[in-house]
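Contents: one structure, followed by commentary.
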Amino acid sequence: MKPGETLLFLGFGGIGATLLLALLWAPSVSLEAFESPAAQRIFYWHVPAAWAAFIAFGALFIGSAGWLFRRSEQMWRLHVAGSEAGLACGLMAVWSGCVWGAAEWGTPWDWTDVRLNTFGLLTLLSIYVVLGRGSQPDGVETRDTFAAFGLYGFVLVPVTYIATRIWTIRHPGPVVGTGDDGSINGDMSLVLLLGAISFTVFIVGHIMASMRLTALEQRLERLQTSTDGGE
Amino acid sequence: MATTLLHLSQVQVRRGMRTVLDGQELTVESGQTVVLWGANGTGKSTLLETAAGLLPLEVGHVQHGDSVVLDSEGRRRRTPLTLGVVLQKNGMLGAERVGEHLRCAMSMSGQSIDIEPFLKAFHLTHRANDTVAQLSQGQARKVAVLAGLLPAFASRAPGLVMLDEPDAGLDHDAVVALCGWLDELRARGHGLLLATHDDRLRAHATHVLDLAKDGVKPLDEIPALPDVHERTSTPTRPLAAGGFGVRMHVRTMMWLNTNAMAALLTLGVMLAMGEFMSELDGMQQLGVVLAPALAAGLCGEPLVAALREERAGVWWRAVNRSEPHASWLPLLIGLAVGFFSATALAYPLDATTLGAAGLLCFVVWHGVGWMQRSTQRLARPQAVFVGLLTPVLILPYSLLVSLLS
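Quick mapping for you: the protein sequence lines, in order, are chains A and B.
When you number the first sequence by the numbering used here, it's gap-free, plus one each residue, and the end is 240.
When you number the second sequence by the numbering used here, it's gap-free, plus one each residue, and the end is 1255.
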């Protein structure tokens, strides 16, 4: 088994363990503080998924910039892997957030919350890049266009971060490392940390496996072209 | 002394997964006609479109006169020269009139001349007021060729003329007339770059660049320059891409088919819900009133799809550096939609609400238009889901509604 696939499976295992601990072991939150305390357990899945999505969007940004400015095949593979991993984790974060929001706020989505919307947009952007790239023949035009969108999307990441601090309307702000009363307790932190590590291992494995797959696809394409009698 | 009008320096261009041009050098001086020669697929059209500044460069730069118009860093600059371009496709919308297209092309040089002699030579005088859609393939090609030549004829300074297989679909008389004009333009000091497979046109060249071999070679037999007579030109204002876009919108009513219909349907659906406005708070009421203007804007710029016809948008980018767009029209449509929406929903009509509807429609329309244009370089732009990006435009709508409430 290749290192990427090993990490991918390790990550899956960790995510499974996080899910079990979140549902069966993590302490319940205060009944007064939440409208739907049971739904709060989605948090152990939602936050690490969002964290992993940001790592993937970071890979998308580096890959896009590497392709546009250095014309590196390796960077293009990173762009492909980052967009696919970002799509997977972005959808996990958005979907779990919608379920939690519906239980806690009474609505799955709030169009006036900048953080929510910018993250949703990042996920939509990764869908756009993955589906759009699939609809085009591989070539410099396709790569330039979607790499440019990859860069554009990453501009949204600091906007999302700032939105967390400034424009929090409905979505809660950060809960770890803020040092105030809103921080979570020790057992909760442990489960959250396991989730964050598991999702990080998962996303790194996903990116490595995806880059290897793209390299194999490119090799196959070259072999097909040479069989056709082309370059 | 001859002036350098076009210089390609160490140009590398990739298309798809192929490197079509690699380290290409080319210079065209005033009074030269350079023919690009070679079998299909050797890169003649790629070279010509690169010279016109249409294709991004991996390496090198393209210079028009003294000005670098395109380099490998993606920097673009408007050409200082008069530029006439004929692409492999005709570069015209079917809704354009023949005379109008020719005057529009000519206006890019800032000068205008009588087009009658040219139309007469191509047997098109009786078609001057027809739309391009009414012409045969050959007639449309003649119009496209004239649109490439006329800016140089009108210009008082040496300009560049780039023709990609202009003879395709032309009858014998038209090719003879074209050959005469090529010589006349050369005599007037213009530089010509011509991609062709036709020996009749090659016979009027001074140099040839065979893309299967290296370097530009002067031809042994250069046709004598004809006597040129003065063509009276008058100054004219170049037609802006926005002005042309509004004209096409008004003529074809494409805005009604897409944007206005979306607004009307949105309003219609809300009206079908019965009397609900009184149950909403102020912010929600304003959101409902502005929703049709948002819907109109979210349909984007219908011209983007229309300009794919015969690569009209690419032709505009070559001669004008920008593609036609609806300019101020979305503002007007937004105002009208806002007026109808407020009236139909019995919302107090004021300048702020109308202005917000106009502004919203304008910003969203051009925002989606930008997204649509950003995919035009792709092999299959229609296959890309630009709609997936449009939710970003809900944000200014939400913030505008929130701000005004």
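Ideal placement from N, C-alpha and C gives every residue a C-beta, glycine not left out.
Since the model is a prediction, treat every value here as computed from it, not as a measurement.
- Of all residues in the stretch 1232-1244 of chain B, only A1233, V1234, F1235, L1238, L1239, P1241, V1242 and I1244 place a beta-carbon less than 7 Å from a beta-carbon of chain A.
- Taking C-alpha positions only, R1087/B is separated from D1131/B by approximately 51 Å.
- When beta bridges are read from the DSSP output, M217/A appears opposite no residue.
- Within the same chain, Cβ atoms closer than 7 Å to the Cβ of L969/B are found at T975 and A978, the five residues on either side in sequence being excluded.
- Identification of chain A residues near G866/B by a Cβ-Cβ cut-off of 9 Å yields P146, D147, G148, V149, E150 and T151, ordered along the chain.
- By the neighbour-count definition (other C-beta atoms within 10 Å, threshold 16), F78/A is an exposed residue.
- The beta-carbon of R1158/B is placed no less than 8 Å from the nearest beta-carbon of chain A.
- Put simply, of G941/B, V1119/B and L1140/B the residue whose alpha carbon is nearest the alpha carbon of Q987/B is G941/B.
- Beyond the five residues adjoining it in sequence on each side, A218/A comes within less than 6 Å, by CB distance, of G13, E14 and L17 in the same chain, given in chain order.
- Annotated three-state conformation of K939/B is coil, per DSSP.
- The beta carbon of L1010/B sits closer than 6 Å to those of L855, L856, L931, L933 and G1041, all from its chain and outside the five residues before and after it, given in chain order.
- Within chain A, the residues whose beta carbon sits less than 8 Å from that of T1225/B are G141 and T154, listed in sequence order.
- With respect to the 8 Å criterion, L1239/B and M1221/B are classified as neighbours on the basis of their beta carbons.
- If you draw a 10 Å sphere on the C-beta of H1079/B, you find fewer than 16 other C-beta atoms in it, and that means exposed.
- Taking a C-beta distance under 8 Å as the contact criterion, V1187/B and A1146/B qualify as a contact pair.
- Residues of chain B whose Cβ lies closer than 8 Å to the Cβ of L134/A are, in chain order, L1238 and L1239.
- Leaving aside the five residues that flank H88/A on each side, the residues in its chain whose CB is nearer than 7 Å to its CB run, in chain order, L69, G72, S73, W76, A156 and G159.
- Secondary structure note for L1042/B: its beta strand (DSSP E) is the uninterrupted segment G1041 to A1045.
- Under a criterion of Cβ atoms nearer than 7 Å, no residue of chain B is adjacent to G110/A; the nearest Cβ is some 16 Å distant.
- In this structure, V861/B sits away from R1052/B, with a CB-CB distance that is not shorter than 8 Å.
- Among the CB atoms of chain A, none fall inside 8 Å of the CB of R1167/B.
- Taken in chain order, the members of the stretch 899-919 of chain B whose beta-carbon sits within less than 9 Å of a beta-carbon on chain A are P906 and E908.
- Of all residues in the stretch 89-120 of chain A, only W120 place a beta-carbon less than 9 Å from a beta-carbon of chain B.
- By the criterion of a C-beta distance shorter than 6 Å, S105/A is surrounded in its chain by I51, W54 and H55, once the five residues flanking it on both sides are discounted.
- Across the set Y161/A, A111/A, R142/A and V108/A, the C-alpha of Y161/A shows the shortest separation from the C-alpha of T127/A.
- Not a single CB atom of chain A sits nearer than 8 Å to the CB of R926/B.
- Secondary structure of S198/A (DSSP, three-state): helix.
- Closer than 8 Å to the CB of R1230/B there is at least one CB belonging to chain A.
- Residue pairing by DSSP places H857/B opposite T877/B and Q913/B in a beta bridge.
- Note on L29/A: under 16 other CB atoms within 10 angstroms of its CB, so exposed under the neighbour-count rule.
- By DSSP's assignment, L933/B forms a beta bridge with L1010/B.
- At least one CB atom of chain A sits nearer than 8 Å to the CB of S1248/B.
- Judged by DSSP secondary structure, P36/A falls outside any alpha helix (DSSP H); it is assigned neither H nor E.
- Within the stretch 51-79 of chain A, no residue has its Cβ closer than 8 Å to any Cβ of chain B.
- The shortest C-alpha to C-alpha distance from L1075/B to any of G1030/B, R1081/B and M1012/B is the one to G1030/B.
- With a threshold of 8 Å between beta carbons, L225/A makes no contact with chain B.
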